[in-house]
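Remarks on the structure that follows.
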Amino acid sequence: MKKTTRNKWLVFALLLLGFQSTKAQTEYRLNVKEAVSLALNNVADIKNLRIDSLKQEAQNKEIVGSALPQVTGSGQVAHYLTLPKILFPSAGKTDVYTVLNQEGVKDGSGNTIQRKNEFTVQEFSFVQPWSITAGVSLNQLLFQPDVFVGLIARKTSIEYAKENIKVQEEKTREQVQKAYYQVLIAEQQLGVLQQSLQRFQKLLSDQEQLFKNGFIEKLDIDKTTVSFNNTKSSETQLKNVIELGYAALKFSMGLNQSDKIVLTETLTTQTVKENILDDGSFNYNNRSEVRLLNTVQKLQQLDVRRQKLGYAPTLAFFYQFQQQGQLNKNFSAFTGQNWFWFNSNLIGLNLSIPIFDGFQRKYKIHQAQYTLDKTVNTMENVKRAIDLEKTSSQINLRNAIINMDAQQKNLELAERVYNTTKKKYEQGLGDSFDVLIADNEFQRAQGNYFDALYNAVVARISYFKAIGQLN
C-alpha cells in the first residue's frame, strides 16, 4: 500500500515538472527583422547600456543639484557636568579701593575703607550649565569651474551614452543576422539532402526488384547502399549543425535555450542582390563608431576647458541663522523665567582665488590636451580602417555574388544531368552506377551552392555594416 502511494506521488511530481517545463517554453515565429528587434530588447549588454544611460541622466541631475541652493539644518543640546572657570585676582591688588576712597564710600561704621594688601584669587564661570542651539544655513554656489563645465557637458554626456547603445545594437544586428541566415540556409540544405535520401530509397527499391529478376548484380545494390549511408550520415551531421546553430541564435537574441524558434524568412539569390548598388552617398557619420568618437572628442574638449577654468576663482553666497537657549535658575527670581533665548544672523560671500599650486593645474591641462590629441589620431585611423573595410566588403560582395551565380548555374546543370541519366537508366539505356555518379555530383553542386549562398549573405551583411546601413 505504501509503495503504491509513493508511486502515485512520483507520477504526480513528474507530470507537474513536465507541465512547468512546457509552460516555460515560448515559441517565436520570426523573420530576420523580427529576430533583430527581439534581440535588441533582450540582449543583456544592450540592457546594461540603457541602464548606464539612465545612470548618466541621474548624474546630470546631481550636477544640476550642486548648482542649486544648499540648505542645512543643525541642532545641539549641551550640559556641562563641570563648568569651565576663569580666575580673578583679589580686590587688594586692583584699583577698586582707590575708586572707593575717591568716591567717599565708607564702611558700616562710617570709616574709610582700608586697602587690603593680601593677594587672593577667586574663581568665576560665565557659562551656563544647560544650553540649546539650533540653526539653519543656506549656501548658494555662484561660480565654480568644474560645476560650470559639468552643466555645459550634460547634453554631450547623454549623447555619449546613447551612441554607446547604438554601437552595441549594430554589433547585435550583425551577429543575429549572420546566425539567422546560417540556420535558415542549413535548413534549406537539409530539405534538399532529404530529397536525395528519398531518391536513393526509390533507387534501392527498384534495384532490389531488378536483382530478384536477375537483371543486375548484388554489387549494384551495394554501391547504392554505400551512397545512401553516406547521405544519411551527412543528414545527421547537418541536423546537429542546425541544432547548434539554433542554440547560438537563441544566445545572440538573449533567449532561453528552452524557447523554440521558427524561421519564416524567405531567402533567394535575388534577395541577396537587392539594394547593393553604391550611390556614392557614404558618410562617415553613418557609422556609429565615428559618432561615438565625435562625442568622446566633445567631452574631452570640455575637459580641457574645465582644466583651464581651474585658474578662475570660486564664488559662493552664504546665510546663517542661529538661535541659542541657556538655562539659569538663579535668575528666575528676578526675571520670572529659567531659559533665555538669543538669535543671530550672518550673511556673506566666500571667494577662493587660486594663486600658486606648484604648476599642477598647468600639467593637468597638458594631460587633458594629450588625451584629446590621442582621440583625434584614433579618429583618423578609424576612418582609414572604415575606408579599407568599405572597399574590401564591396570586392568580397562582388566576388561572392559572382560565385553564387556560378554555383546556381552548376546546380541547374547538375540537376539536368541527373534527370537525363536517371531517365536513360529507367529506359534501360544506362547503368545504375551512372545514376549514382550523377546523384553524387548533384549533391556536391547543392552543397557548393548553399555554401556560396551563405557566403554571399555574410558578404552582404558585412557590406551594409561597412557603409553604416545595416538597419
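In mature numbering (1 follows the signal peptide of the UniProt record, and there is no 0), the protein residues as written are -24 to -1, 1 to 447.
C-beta: ideal position from N, C-alpha, C; glycine also.
Do Gly111 and Phe297 have their C-beta atoms closer together than 8 Å?
Contact: yes.
Using only alpha-carbon positions, find the residue among Asn87, Lys188, Val217, Ser203 that is nearest to Leu173.
For Leu173, the nearest C-alpha among the options comes from Ser203.
Decide if Asp349 is buried, meaning its Cβ has at least 16 other Cβ atoms within 10 Å, or exposed.
Exposed is the call here.
Beta-carbon separation of Ile362 and Glu150 under 8 Å?
In this structure, Glu150 does not lie closer than 8 Å to Ile362 by Cβ.
Does Ala390 come out as helix, strand or coil in the three-state DSSP assignment?
In this structure, Ala390 counts as helix in the three-state DSSP scheme.
Quick check: the Cα distance between Arg5 and Lys236, rounded to an integer number of angstroms?
Straight-line Cα distance between these residues: approximately 9 Å.
State the Cα-Cα distance for the pair Phe332 and Arg282, rounded to the nearest angstrom.
In a straight line, the C-alpha of Phe332 is about 18 Å away from that of Arg282.
Taking the beta carbon of Ala20 as the centre, do at least 16 other beta carbons fall within 10 Å, making it buried, or is it exposed?
Flag for Ala20 reads exposed.
Taking the alpha carbon of Thr271 as the point to measure from, which residue in Gly423, Glu139, Lys31 has its own alpha carbon closest?
Considering only alpha carbons, the answer is Glu139.
Within a Cβ cutoff of 7 Å, which residues of the same chain sit near Val103, ignoring the five residues on either side of it in sequence?
Cβ neighbours of Val103 beyond the five flanking positions: Tyr56, Leu59, Pro60.
Could I get the ranges of all uninterrupted alpha helix (DSSP H) runs contained in the segment 83 to 152, with 4 residues as the minimum, in chain order?
List check, alpha helix (DSSP H) in window: 121 to 128.
So what does DSSP say about Asn216, is it helix, strand or coil?
Looking at Asn216 - three-state DSSP - the assignment turns out to be helix.
May I ask which residues mark the beginning and end of the beta strand (DSSP E) holding Ile323?
Note, Ile323: beta strand (DSSP E), 315 to 328.
CB Gln158 to CB Tyr430, shorter than 8 Å?
Cβ atoms of Gln158 and Tyr430: closer than 8 Å.
Between which residues of its own chain and Phe258 is the CB-CB distance below 6 Å, once the five residues before and five after are set aside?
So the qualifying residues of the chain are Ile443.
Among the candidates Asp279, Gln213, Ala15, whose CA atom is the shortest distance from the CA of Ala344?
The residue with the shortest Cα to Cα distance from Ala344 is Asp279.
Taking Ile39 as the reference, which of Ile323, Val123, Leu446, Thr244 has the closest Cα?
The shortest C-alpha separation from Ile39 is found at Val123.
Would you kindly check if the distance between the Cβ of Tyr439 and the Cβ of Ile161 is under 8 Å?
Cβ atoms of Ile161 and Tyr439: not closer than 8 Å.
Can you give me the Cβ contacts of Asn24 inside the same chain, cut-off strictly under 8 Å, excluding the 5 residues immediately before and after it?
Once the five neighbours on either side are set aside, Asn24 has no close Cβ partner at all.
Relative to the C-alpha of Gly406, which candidate in Ala428, Ile192, Gly286, Leu239 has its C-alpha closest?
Nearest option by C-alpha distance: Ile192.
Can you grab the Cα-Cα spacing for the pair Tyr339 / Val352, in whole Å?
Near 20 Å, if we compare the C-alpha coordinates of Val352 and Tyr339.
Helix, strand or coil, according to DSSP, for Gly51 in the structure here?
Gly51 falls in the strand class under three-state DSSP.
DSSP three-state label for Tyr56, please.
DSSP places Tyr56 in coil when its eight states are reduced to three.
With distances taken from CA atoms, which of Lys400, Gly301, Met229 is nearest Gln52?
Measuring from the Cα of Gln52, the nearest candidate turns out to be Gly301.
Return yes when the Cβ of Ala11 is within less than 8 Å of the Cβ of Leu118, no when it is not.
Not closer than 8 Å, so no.
If we ignore side chains and look at the alpha-carbon of each, how far apart do Thr396 and Val411 end up?
Using only the alpha carbons, I get a separation of about 9 Å.
Kindly indicate which three-state DSSP category Thr290 falls into: helix, strand or coil?
DSSP places Thr290 in strand when its eight states are reduced to three.
Alpha carbon to alpha carbon, how far is Thr132 from Lys37? Give it in angstroms, no decimals.
The alpha-carbon atoms of Lys37 and Thr132 are separated by roughly 14 Å.
Can you tell me whether DSSP reads Gly444 as helix, strand or coil?
Coil.
Can you tell me whether Arg360 is buried or exposed, with buried defined as 16 or more other CB within 10 angstroms of its CB?
Exposed: under 16 other Cβ atoms inside 10 Å.
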